[in-house]
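Input: a single structure, listed below in structure tokens.
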Amino acid sequence: MYGRQAGADVVRHPAIRAVGFTGSLQGGRTLHDLAAARPDPIPFYGELGSINPVVVTPAALYADGPVGLERDGGHDGSRAHQSRRGAHLFGS
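Remember, this note's numbering sits 1 above the position in the sequence shown when you count from 1.
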């Protein structure tokens, strides 16, 4: 999705239960404030000020093999950190 209005519309939509955003401090602050201002506030997860965000799917991370892979956390093994590339994966 792209654009301020599109982001604001999504954050305000009653079916949305949490918001994640990677981008500018100004855009993130706006979305955070909208999430907090809802009648039932929702969590906001932001990576703000990044110039080169990386998203890695679980399949891609594990297909690449164990080089540089450090596992931590979850009882289901779902949290991982790929330090060599700076990529992070949190989820199953």
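Backbone N, C-alpha and C define an ideal beta-carbon position, used for all residues, glycine too.
As a beta-bridge residue in DSSP terms, L49 pairs with G24. Residue burial is scored here from C-beta neighbours: G21 has fewer than 16 other C-beta atoms within 10 angstroms and is therefore classed as exposed. At a Cβ-Cβ threshold of 7 Å, L49 and A9 do not count as neighbours.
Restricting attention to R18, F45, P40 and D41, the CA atom closest to the CA of T31 is found in F45. Nearest to T23 by C-alpha distance, out of A60, V56, A61 and L62, is V56.
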